[in-house]
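K.L.:
Could you have a look at this structure, given as structure tokens, before my questions?
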Amino acid sequence: MAVIWLLSLSFLIFILLAAVVKHTKRWRLPPSPPGLPIIGNLHQLGELPHQSLWKLSKKYGPVMLLKLGRASTVVVSTPETAKQVLKDYDLHCCSRPSVEGTRKLSYNYCDIAFSKFDDYWKELRKLCVKEIFNTKRVHSMQPIKEMEMKKLINSITESAFEKTPVNLSEKFLSLNVGVICKAAFGVSFQGSVLDNEKFPDLVHEALEMLGSFSASDFFPYIGWIVDWFTGLHARRERSVRDLDAFYEQMIGLHVQKNREGRGEDDFVDLLLRLEKEEAVLGYGKLTRNHIKGVLMNILLGGINTSAISMTWAMAELARNPRVMKKVQSEIRDKIGGNYNKSRIISLDETDQLHYLKMVIKETWRSHPVSPLLVPREVTSEFKINGYTIQPKTRLHVNVWAIGRDPEVWKDPEEFIPERFMDCDIDVKGQHFELLPFGGGRRICPAVYMGTTNVEFALANLLYHFDWKLPQGVEDIDMDEGSGLTSHKKHDLLLAPVNYSDL
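Laid out in structure tokens, this is it:
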């Protein structure tokens with residue numbers, strides 16, 4: 001009897017071992033850095049996760065598996081692996097992770113803004129492209145852009161006359177706030193109830209909270225206790241309360257305007273009308289929370305990202321006088337004639353500034369605003385480079401690492417716009433060496449709008465002014481700040497010189 005039991009047990013163990021071997025062979029997982037109990041690889045992320053993950057990828061390869069608490073996360077770091085994620089297997093991983101931690105707050109429009117539902121995202125994208133991000137709409141914004149640019153030039157001219165440095169980080173943010181609020185929201189930010197000197201801090205805080213790694217992101221049951229003790233939960237709640245107050249003011253202005261029958265309809269009016277008509281958007285009727293979710297995407301995605309790109313571009317130009325001189329020569333030669341201080345370079349003219357476009361591409365390569373594309377969630381099993389990617393896995397594309405891949409870019413640490421000369425690489429999501437707007441079904445719908453905003457601002461400021469380091473400053477601090485976006489940690493201060501004084 002004992003022999004029979006022993007043989008049965010041995011047979012059972014053999015079957016289990018065979019199953020494990022077969023299972024392991026079928027599920028060839030990506031290489032992974034050794035982690036610690038419970039927390040896994042969380043301690044290896046650092047203050048700037050994209051840089052930490054880039055360093056780890058040098059050792060563990062372009063497809064890397066990490067255990068972040070209870071969340072399995074795969075990070076890809078080359079154009080080839082990014083192509084597989086964003087194109088070849090886009091349908092397998094175009095969902096978003098469930099909204100937890102940094103985004104699961106008292107206001108459920110945060111869930112909507114970062115929706116995991118693909119049908120909702122498609123409908124939202126279609127609506128935004130049709131009403132606000134299309135070419136016709138962008139060109140119709142030209143008078144607003146020119147008006148805001150004239151204000152900016154006048155304020156910088158004053159600073160140049162007084163020989164005082166200009167905080168370009170603040171100026172670019174203010175410019176984008178003025179353009180977006182007027183063009184998309186139909187209100188003038190300055191002088192309205194929305195005008196608040198703390199607004200830039202509100203935007204920065206929101207992006208930092210959205211990009212932070214909190215305990216509740218990775219430990220669903222006990223993480224919120226940790227966040228409560230550290231104060232992170234309170235910061236998140238305060239940030240969203242401030243955003244909610246902003247949205248309520250924005251909507252309130254439109255409701256009042258519509259009651260009085262004044263002004264032209266804008267994007268917010270359209271959303272309010274669709275809400276009133278109980279229009280269906282993706283998986284349900286459009287509600288007030290949906291409207292706030294859309295405003296959140298436009299506010300945080302449209303205003304801050306362009307300002308960040310402009311700031312990095314000017315910082316690199318200030319550190320590279322050769323490039324600064326070359327791009328200014330192109331702009332001033334193309335415009336031609338005697339200098340006119342009231343001259344505003346148009347969108348049609350910026351389209352002819354090819355070297356400026358190279359400068360902007362090189363800025364996006366070196367300083368992508370979204371260094372780790374917003375995470376995806378795998379919905380069905382597929383393989384990257386032979387490694388099995390399982391459902392429920394979070395998936396990041398490390399765009400910052402791709403921009404520093406020596407197999408793709410020669411001298412990747414150097415700022416060399418000429419690398420894009422006679423090069424067909426664009427930023428529309430089909431060239432995976434350069435992905436500032438992402439790619440696939442989740443690509444940012446505002447590619448054209450974002451590109452033209454940056455070109456327009458830089459062309460005009462480089463035409464009207466020369467730029468120097470402030471007196472006593474020998475170099476620019478290029479440290480990055482933490483958060484959802486890769487912004488310059490410290491504000492950019494440069495000394496303007498009026499073109500008429502040269």
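In the numbering used here, the protein residues as written are 1 to 502. The beta carbon of each residue, even a glycine, is placed where N, CA and C say it ideally should be. On a predicted model such as this, the values are computed, not experimentally measured, just so you know.
DSSP state of Y499, grouped into three classes?
P.N.:
Helix at Y499.
K.L.:
For H233, collect the residues of the same chain with a Cβ closer than 7 Å to its Cβ; drop the 5 residues on either side in sequence, then sort them by chain order.
P.N.:
Residues W224 and D227 of the same chain have their beta carbon placed closer than 7 Å to that of H233, with the five preceding and five following residues left out of the count.
K.L.:
Assuming I335 is part of the alpha helix (DSSP H), what are its boundary residues?
P.N.:
Unbroken alpha helix (DSSP H) run through I335: P321 to I335.
K.L.:
Within the same chain, show all residues whose beta-carbon is closer than 8 Å to that of L494, passing over the 5 residues directly before and after it, in chain order.
P.N.:
The residues are P165, V166, L168, M314, A318, W467, K468, L469 and P470.
K.L.:
Tell me the DSSP secondary structure of H396 in three-state form.
P.N.:
strand
K.L.:
For R376, which of helix, strand or coil comes out of DSSP?
P.N.:
Secondary structure of R376 (DSSP, three-state): strand.
K.L.:
Return the CA-CA distance between N297 and S239, expressed in angstroms with no decimal places.
P.N.:
15 Å
K.L.:
In chain order, which continuous runs of the alpha helix (DSSP H) of length 4 or greater are located wholly inside the stretch 55-93?
P.N.:
With a minimum length of 4 residues, the continuous alpha helix (DSSP H) runs that stay inside the stretch 55-93 are 79-83.
K.L.:
From the DSSP output, read off the bridge partner residues of L36.
P.N.:
The bridge partners DSSP lists for L36 are G40.
K.L.:
To the nearest angstrom, how far is the alpha carbon of G440 from that of V473?
P.N.:
Taking the straight line joining both Cα atoms gives about 43 Å.
K.L.:
Pick out whichever of W400, N338, T485 and M449 has its Cα sitting closest to the Cα of Y463.
P.N.:
Measuring from the Cα of Y463, the nearest candidate turns out to be N338.
K.L.:
Give, in chain order, every unbroken run of the alpha helix (DSSP H) that is at least 4 residues long and sits entirely within the stretch 279-318.
P.N.:
288-298
K.L.:
At what residues does the beta strand (DSSP E) containing T485 begin and finish?
P.N.:
Here T485 belongs to no beta strand (DSSP E), and DSSP marks it neither H nor E.
K.L.:
Do the stretch 54-73 and the stretch 200-207 touch if we need at least three Cβ pairs shorter than 8 Å?
P.N.:
no
K.L.:
Would A82 and V497 qualify as a contact pair, given that the criterion is a beta-carbon distance under 8 Å?
P.N.:
no
K.L.:
Count the other CB atoms, across all protein chains shown, that sit within 10 Å of the CB of W511; report buried if there are 16 or more and exposed otherwise.
P.N.:
Here the chain comprises residues numbered 1 to 502, so residue 511 is not present and cannot be evaluated.
K.L.:
Apply the 10 Å Cβ neighbour rule to F172 and answer buried if 16 or more other Cβ atoms are within range, or exposed otherwise.
P.N.:
buried
K.L.:
What are the boundary residues of the alpha helix (DSSP H) that includes P388?
P.N.:
What sits at residue 388 in the sequence shown is Thr, not Pro. Premise fails: T388 lies in the beta strand (DSSP E), Y387 to I389, not in any alpha helix (DSSP H).
K.L.:
Which value, in whole angstroms, describes the spacing of the CA atoms of L395 and C93?
P.N.:
8 Å
K.L.:
Can you tell me the Cα-Cα spacing of L507 and S95, whole angstroms?
P.N.:
Outside the modelled stretch of the chain, which goes from 1 to 502, sits residue 507, for which no answer is possible.
K.L.:
So L353 and E330 are supposed to be a Cβ contact under 8 Å. How far apart are they, rounded?
P.N.:
6 Å
K.L.:
So, does the stretch 398-409 touch the stretch 366-380, judging by three or more C-beta pairs under 8 Å?
P.N.:
yes
K.L.:
Pick out whichever of L66, E381, K361 and F229 has its Cα sitting closest to the Cα of W312.
P.N.:
K361
K.L.:
Cutting at 6 Å between CB atoms, please list the residues of its own chain near L86, excluding the five before and the five after it.
P.N.:
Only G439 and G440 meet the Cβ criterion.
K.L.:
Hey, out of N320, F437, E349 and P321, whose CA is closest to D333's CA?
P.N.:
E349
K.L.:
Would DSSP call K136 helix, strand or coil?
P.N.:
helix
K.L.:
State buried or exposed for R376, treating a residue as buried only when at least 16 other CB atoms are found within 10 Å of its CB.
P.N.:
buried
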